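In my numbering, the protein residues as written are 121 to 190.
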């Protein structure tokens, strides 16, 4: 995870930049990291993948946006 973290931070920044560029077209960035960052118990032992509870949290965070778009 220590090796991956700097790259993940870089990727998140690039994605945020792209989303901001396309905000006028309705692109919205949903920070899923913020949903789980203080919930280490939902992350698998590898430190990257989520357990079922973690994926449920992400789904709950996305649900209102998906429903609004339907």
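We put the CB at the ideal spot given by N, CA and C, even for glycine.
All values derive from a computational prediction rather than experimental measurement.
Using a 10 angstroms sphere on the CB of residue 122, the tally of other CB atoms stays under 16, which defines it as exposed. Rounded to whole angstroms, the gap between the alpha carbons of residue 133 and residue 175 is 22 Å. In the structure shown, the three-state DSSP call for residue 170 is strand. For residue 137, the uninterrupted alpha helix (DSSP H) segment begins and ends at 124-141. Residue 186 and residue 155 have their C-alpha atoms some 16 Å from each other.
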